[in-house]
Amino acid sequence: MNSEHARALRRAPSSAELRMWRLLHPFRTGGYHFRKQAPIGPYVADFACHHARLIIEVDGDSHYSGAGLARDARRDAALEADGYTVLHFSNTDLRESPDGVFARIAEVLTSRPPTGLRRPPSPSLPTRGRVSDRADAGRAELLLATKDLRR
5 MNSEHARALR RAPSSAELRM WRLLHPFRTG GYHFRKQAPI GPYVADFACH HARLIIEVDG
65 DSHYSGAGLA RDARRDAALE ADGYTVLHFS NTDLRESPDG VFARIAEVLT SRPPTGLRRP
125 PSPSLPTRGR VSDRADAGRA ELLLATKDLR R
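The sequence shown begins at 5 in the working numbering and counts up by one.
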């Protein structure tokens, strides 16, 4: 259900979401992998960088009503309990102060270095001969690189 809902949202982004996606581009080229309309548990985040545990929400007017504020507070608490940091930006923030939005995102990401590895490497199936030796050597190099990134 959530993945279908997320797909529908990705097909019809708001102008503010398109603006945010363009604003995130330098971070993507810097090694941070952002997903648009990312399902996370029962929620769909506007933008998520799972490695950095960062969620970025672009809030329209409905988020500033009493019910919207309460719903967002419950959702943020659940996502933060799962280890995410949630940043909210209004459509107006994106339109009138994109440099400020960019600076705030950069501030959070600088404490969370990027990585090209999204998950630890899985062991390969056993093979015979030299191919296996090369695979083991490559896997060892990858594991060492992963440990270096975590320091």
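The C-beta atom is built at its ideal place from N, Cα and C for all residues, glycine as well. All values derive from a computational prediction rather than experimental measurement.
Around the C-beta of residue i, are 16 or more other C-beta atoms found within 10 angstroms, so that it is buried, or is it exposed?
i    : result
A81  : exposed
H55  : buried
Y88  : buried
A107 : exposed
S19  : exposed
R103 : According to the sequence shown, residue 103 is Asp rather than Arg. That one is exposed.
R111 : According to the sequence as given, residue 111 is Glu; it is not Arg. Under this definition E111 is an exposed residue.
A77  : exposed
E21  : buried
S128 : With a pLDDT of only 49 at S128, under the threshold of 50, the placement of this residue in the model should not be trusted; the figure read from the coordinates follows. Exposed: under 16 other Cβ atoms inside 10 Å.
For the candidate residues the options, whose alpha-carbon lies nearest to that of residue i?
i   : options                 : result
V48 : V90, H29 and R26        : V90
A85 : R39, L28, L58 and T114  : L58
R26 : I44, P117, F51 and R116 : F51
I believe residue i touches residue j by the beta-carbon criterion, under 8 Å. Please report the beta-carbon distance rounded to the nearest angstrom.
i    : j   : result
D23  : L98 : The question names Asp, but residue 23 in the sequence shown is Arg. Confirmed, Cβ separation roughly 5 Å.
D63  : S94 : 5 Å
I158 : I44 : What the structure shows of the chain is the stretch from 5 to 155, and residue 158 is not part of that stretch, so it cannot be assessed.
Inspect the beta-carbon positions of residue i and residue j and report whether they are closer than 8 Å.
i    : j   : result
L113 : F31 : yes
H29  : C53 : no
Can you give, in chain order, each stretch of the alpha helix (DSSP H) that sits fully within the region 42 to 118 and has at least 4 residues? Along the length of the region 42 to 118, whole alpha helix (DSSP H) runs at least 4 residues long occupy 70 to 85, 95 to 100 and 102 to 113, reported in chain order.
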